[in-house]
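Residue numbers (the UniProt record's numbering): 1 to 150. Using N, Cα and C, we set each Cβ at its ideal position, and we do this for glycine too.
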């Protein structure tokens, strides 16, 4: 039986630091891509949001899927990893919403005027609203812990 044997323990001890380092690198990479992405964002509608938000949610989903597919044998560590990734997703989603709100406020300050009979919004503002709505929808999938939130 290999489960929890010497070989199993060796694999766990070998790959635990690598998994930790990979998650740390991905956290940093995702945070940088949010910062740089929203600085250069053109607010063109792409799928359910904008290019930066689509990239963000794809990365978060891919990271969570990758870690889940490892099927980490130690349930305690698997739970710690899951909570860490859910917390990361919540933080990054919050940053996405904050940066989108800041951009929305900038557009309002630019003097986008609304005439009472005019219901036309610039497409950039529509993209910003879409980003916030998509962030809300994605948060249900990316930020909820199955064992706790179900």
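- Here residue 50 is not near residue 93, since their CB atoms are 8 Å or more apart.
- Taking the CA atoms as reference points, residue 32 sits about 22 Å from residue 141.
- The three-state reading of DSSP puts residue 5 in coil, since its state is none of H, G, I, E or B.
- For the 8 Å CB-CB criterion, residue 30 and residue 60 form a contact.
- Segment contact: the region 99 to 106 against the region 120 to 135, three or more CB-CB distances shorter than 8 Å; contact assigned.
- At least 8 Å separates the beta-carbon of residue 82 from that of residue 19.
- The region 70 to 79 makes contact with the region 11 to 28, as at least three CB pairs between them are under 8 Å.
- For residue 45, the CB contacts under 6 Å within the same chain, skipping 5 residues up- and downstream, are 127 in chain order.
- Here the C-alpha atom of residue 40 lies approximately 10 Å from the C-alpha atom of residue 34.
- Taking 4 residues as the minimum length, the alpha helix (DSSP H) runs contained wholly in the UniProt domain "MHD1" (1 to 100) are 6 to 40 and 51 to 69, in order along the chain.
- Closest in C-alpha terms to residue 27, from the list 130, 110, 91 and 99, comes 91.
- Per DSSP, the continuous alpha helix (DSSP H) segment holding residue 142 begins and ends at 123 to 142.
- Looking at 138, 37 and 73, the one whose alpha-carbon comes closest to that of residue 5 is 73.
- When only Cα atoms are considered, residue 21 and residue 139 end up about 25 Å apart.
- In this structure, residue 85 and residue 67 form a Cβ contact; the two beta carbons are roughly 6 Å apart against a cut-off of 8 Å.
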